[in-house]
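*Asks:*
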Amino acid sequence: MDKYDVYGIGNALVDTEYEVTDEFLDLVKLPKGVMTLIREEDRRRLIQLLEHEHEHQIIKLSGGGSAANTVVAVTQLGGTAFYSCKVADDEIGEFFLKDLTDLGIHTNLGESLEAGVSGQCISMVTPDAERTMTTHLGITEKFSSAELQPDALSNSKILYIEGYLVSSPSGLDAALEAQNIARAAGVKVALTLSDPAMVENFKNAFDTIISCGVDILFCNAEEASLWTSTTTREDAVSVIREACPNFAMTCGADGAIISDGHEVFTVPGFPTSPVDTTGAGDNFAGTFLVRLCQGKNHRDAALYANRSASTLVSNFGARLTMDMVRDLLSVSDDSK
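For the sequence shown, position 298 (counting from the first letter as 1) is numbered 514 according to the numbering used here, and the numbering increases by one without interruption.
Structure below.
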C-alpha cells in the first residue's frame, strides 16, 4: 500500500499579498496576471513602494509556492502528501516549515536548515481579482536532486512536478531525476505548466519533461495555447492529446476541458464572485489528484476540483480556509 497519495516537488515560497490598482502595476511596470522573477534588490524596492510610498497593507502572509499549495489541497481534502523543497535558516524558512508540518505534510527538511534567504512571492491583487506576482526565489533557486527522497517518492501514487522548476538548471535536473525514480517505481507522473511566462521562456524544458513521459498534464487555456502554438482551444486540445492523452485544461468561468485517455469532455464551472484568483490552478490540481487517488473518475474529479477552485477564489489567499474545507467535504455527490 502506498504511503503517500501525492509526492510534490517545487519551490518553497512565503506568499505576501497586497491589494493594488492597475495604476500601481503600470507604475512598477509589471505585466498583469503573470509571474515575474525578480532579484533581491528589486524585491526590496517593490516592498518599499508598496508599504511606504503608497501605503498598501499586507492582506495575508502564508506559506506558498505552486506545488506546495497543491499538496496542501491534497491533505486538506483527505489525502496524504510529501513535499520536497528547499528553505533557508531564516524567519521565512521556519514559517514555511512549520506551516507544512502543522498541516501534516511530510518533507525532506530536517532540523538543521542551510544559511541563506528563503524564497518570497509578492502577490498583488487588483479589483478584478486578477493576481500579478513577483517572485524572489532565494535559496529555493538551488533546489536540486539532493532534496529528493527516493523512498518516499517510490511509495507514492503520483509524482507532481511544478513547472516553475524549469527556470533553474538544477531544478530541471531534479524534475527529470524525480521522473526517472517515479517511472522505475511505477509511480504516475503529473506536470503543471504553471504560468504563461514559464511556457514562453522555457518551452524546450517542458518539451523534455513531457517527452520522457507524463501521465497527467495540468494547464490553463493560455498556457496550452502557448505550448502548442495554437490559437483555439480545440486545436490546443488536439496537440496536447497527442503528447499526453490524460490532461486537464482549466478555462476560468467556462470550467475545464478534460481528457481521460479515451474521451475529451468539458465540465462546467461553478458560479462565484471572484475576489482573488491566486492559487486557483494549484487548488484545482490538488483536488483533482486527491479525488483520483480516492477512486473517482476524471469527470467526478474535475467537477469537484472546479467546485473547490471556485470556492477558493471567492476569498483572499491561495489556500482553502477550514470553513471552506468543511463545506467541500460535506459534498458527497458532485452531480447534486
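Backbone N, C-alpha and C fix where the C-beta goes; we use that ideal spot for every residue, glycine too.
Are there 16 or more other CB atoms within 10 angstroms of the CB of V547, so buried, or fewer, so exposed?
*Replies:* On the sequence shown, position 331 is the one that residue 547 refers to. When all chains shown are included, V547 counts as exposed.
*Asks:* Considering only DSSP beta bridges, list what R347 is partnered with.
*Replies:* Numbered from its first residue, the sequence shown carries residue 347 at position 131. V341, per the DSSP bridge assignment.
*Asks:* To the nearest angstrom, how far is it from the Cα of Y376 to the Cα of R457?
*Replies:* Locating residue 376 in the sequence shown gives position 160, where the first residue counts as 1. Locating residue 457 in the sequence shown gives position 241, where the first residue counts as 1. One C-alpha to the other measures close to 19 Å.
*Asks:* To which residues of the same chain is L545 closer than 8 Å at the C-beta, ignoring the five residues directly before and after it?
*Replies:* Position 329 of the sequence shown holds residue 545. Excluding residues within five positions, the ones whose Cβ falls inside 8 Å are L293, G294.
*Asks:* Please say whether G471 and G485 have beta carbons closer to each other than 8 Å?
*Replies:* Along the sequence shown, read from residue 1 onward, the residue named residue 485 stands at position 269. Along the sequence shown, read from residue 1 onward, the residue named residue 471 stands at position 255. Their beta carbons are under 8 Å apart, which means G485 touches G471 by this criterion.
*Asks:* May I have the straight-line CA-CA distance separating E235 from A390, to the nearest angstrom?
*Replies:* As a working mapping, residue 235 is identified with position 19 in the sequence shown. As a working mapping, residue 390 is identified with position 174 in the sequence shown. Spanning the two alpha carbons is a distance of roughly 35 Å.
*Asks:* Mind checking if S334 is an interface residue toward chain D, Cβ cutoff 8 Å exclusive?
*Replies:* Protein chain content of the structure displayed is limited to a single chain, and chain D is not contained in it.
*Asks:* Can you list, in chain order, the residues of its chain with a C-beta nearer than 6 Å to that of I309? Leave out the 5 residues immediately preceding and following it.
*Replies:* In the sequence shown, residue 309 corresponds to position 93, counting from 1. The identity of residue 309 in the sequence shown is Gly, whereas the question assumes Ile. V303, L329, S334, listed in sequence order.
*Asks:* Terminal residues of the continuous alpha helix (DSSP H) containing L277?
*Replies:* Position 61 of the sequence shown, counted from the first residue, corresponds to residue 277. Premise fails: L277 lies in the beta strand (DSSP E), 274–280, not in any alpha helix (DSSP H).
*Asks:* Could you name the residues that DSSP lists as bridge partners for N436?
*Replies:* Position 220 of the sequence shown, counting from 1, holds the residue named residue 436. Per DSSP, T466.
*Asks:* How would you call P412, buried or exposed, if buried means at least 16 neighbouring beta carbons within 10 angstroms?
*Replies:* Along the sequence shown, read from residue 1 onward, the residue named residue 412 stands at position 196. P412 comes out buried.
*Asks:* Grab the span of the alpha helix (DSSP H) containing F422 for me, first residue to last.
*Replies:* Position 206 of the sequence shown, counting from 1, holds the residue named residue 422. F422 -> alpha helix (DSSP H) spans 419–427.
*Asks:* Based on the DSSP output, what are the partners of E235 in its beta bridges?
*Replies:* For this step, residue 235 is matched to residue 19 along the sequence shown. According to DSSP, E235 bridges with V341.
*Asks:* Going straight from the alpha carbon of L313 to that of N420, what length do you get?
*Replies:* The residue labelled residue 313 in the question sits at position 97 within the sequence shown. The residue labelled residue 420 in the question sits at position 204 within the sequence shown. Using only the alpha carbons, I get a separation of about 32 Å.
*Asks:* Which residue comes first and which comes last in the beta strand (DSSP E) that contains T482?
*Replies:* The residue you call residue 482 lines up with position 266 of the sequence shown. Start and end: 480–483.
*Asks:* Per DSSP, what are the beta-bridge partners of V453 in this structure?
*Replies:* Residue mapping note: residue 453 aligns to position 237 of the sequence shown, counting from 1. Answer is none; V453 lacks a bridge partner.
*Asks:* Going by C-alpha to C-alpha distance, which of L277, G379, C467 sits closest to E416?
*Replies:* Against the sequence shown, residue 416 aligns to sequence position 200. If we check each option's Cα against that of E416, G379 comes out closest.
*Asks:* Given a cut-off of 8 Å, decide if L407 and E556 are closer than it, judged by their beta-carbon atoms.
*Replies:* Residue numbering for the chain in the displayed model covers 217 to 552; residue 556 lies beyond these limits and cannot be assessed.
*Asks:* Taking only three categories from DSSP, how would you classify S300?
*Replies:* Here residue 300 corresponds to residue number 84 of the sequence shown, with the count starting at 1. Three-state DSSP puts S300 in a strand.
*Asks:* Who are I474's beta bridge partners in DSSP?
*Replies:* For the purposes of this step, residue 474 is identified with residue 258 of the sequence shown, where counting begins at 1. Note: I474 sits in a beta bridge opposite A464, F481.
*Asks:* Anyone know if the C-beta pair for R535 and N285 falls short of 8 Å?
*Replies:* Within the sequence shown, numbered from 1, the residue matching residue 535 stands at position 319. Within the sequence shown, numbered from 1, the residue matching residue 285 stands at position 69. Contact flag set, yes.
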